[in-house]
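Quick note on the numbering used here: the sequence shown kicks off at 8 and runs consecutively.
Where a beta carbon is used, it is the ideal one built from N, C-alpha and C, also for glycine.
None of the values given here were measured: they were computed from a predicted structure.
Okay, so here's the structure we're looking at.
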Amino acid sequence: MKALRWTLYGFLAVLLIVIIFFQINKDFNQLAQGETYPMTASPERRPVSLTSSPLEIEGSGVQVTPLYHGLDTGKLYLGISYGKLDLAQKKNYKWKKEEGAVQFLVKVVDTNGTNFSGETTGTVKGTFSTFQYVQVEDFEVHEKTENLSLLFYPLIDKKGKDVPSEQPSFQVNVPLQ
């Protein structure tokens, strides 16, 4: 009878830890899985979805959320999530970090070759992972645009100035729906 009681206590303790773990990571999980908009502020109007599901960037450990275009704001919104050690193990430790998250300049190139620039604007931390909001200003999408190329350049702090690295840390082509 005593063994059964200890087994029950152990099961309840594990269940409690799992529930607490999921509650702590609730916001992160919703953002990383594309269940909420990757925007730091609630939108006044619903943004237009340009992609339907998250996309894994091969060989980087980074996942990109669905992309959204705010028609009233003229901005492109997306997010990236990655394990806390995925980017920390890269060779360049001089990257600018805020709250432990690497800061990026994000270059977006459409099918026509038009360039748009954005940056990371905020961070949500999970227990083992990090989510970063990305916002691209003055973004326009044309009817003929079939895909977008996203290039992520880590920022380097050089004498008080944020300078993007010469090569992107990772990049991905995202087909639009």
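Among Asn32, Thr152 and Ser172, which residue has its Cα nearest to the Cα of Leu112? Ser172
Per DSSP, the bridge partner or partners of Ala108: Glu105
Taking Thr1 as part of the beta strand (DSSP E), name the residues at either end of that continuous run. With the chain covering 8 to 184 only, the question about residue 1 has no answer from this structure.
Classify Leu83 as helix, strand or coil using the three-state DSSP reduction. strand
Going by beta-carbon coordinates alone, are Leu85 and Val148 separated by less than 8 angstroms? no
Cut-off 6 angstroms between Cβ atoms - residues of its own chain near Asp87, not counting five sequence neighbours on either side: Per the sequence shown, the amino acid found at residue 87 is Ile instead of Asp. Here the set comprises Val69, Val71 and Gln139.
Taking the alpha carbon of Asp117 as the point to measure from, which residue in Leu78, Gly129, Trp102 and Leu157 has its own alpha carbon closest? Leu157
Can you check DSSP and say which residues form a bridge with Phe177? Phe159
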